[in-house]
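Residue numbers (the UniProt record's numbering): 1 to 94.
Dropping the structure here:
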């Protein structure tokens with residue numbers, strides 16, 4: 001399986017209170033054949049299990065942006081805030 005690793009800027013969620021996410025730099029549906037993918041992920045080495053999803057966020061070109069949520073406790077552990085960058089790895093869960 002290919003290694004899915006990318007650097008991403010932490011973005012503020014526009015709904016809810018204090019949420020954050022990173023945008024995945026690939027078209028999830030084109031790569032995996034579906035629009036939602038459960039993954040084992042890491043943010044700068046801190047593990048997280050979650051899903052990459054389409055939450056209505058668009059890329060600047062208008063295409064669908066798939067995102068991975070980033071919990072507040074992970075940001076605190078890493079001393080990261082909105083606008084900072086993190087190294088993200090993902091490993092799809094079968």
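The beta carbon of each residue, even a glycine, is placed where N, CA and C say it ideally should be.
- In the structure shown, the three-state DSSP call for residue 32 is helix.
- Secondary structure of residue 85 (DSSP, three-state): strand.
- Relative to residue 22, the option among 73, 62, 88, 93 whose CA is nearest is 88.
- Contact between residue 40 and residue 93 is confirmed by a C-beta separation of about 6 Å, below the 8 Å threshold.
- Minimum Cα-Cα distance from residue 17 among the listed residues 86, 70, 79 corresponds to 70.
- Relative to the Cα of residue 13, the nearest Cα in the group 26, 68, 85 belongs to 68.
- Here DSSP, grouped into helix, strand and coil, assigns residue 72 to helix.
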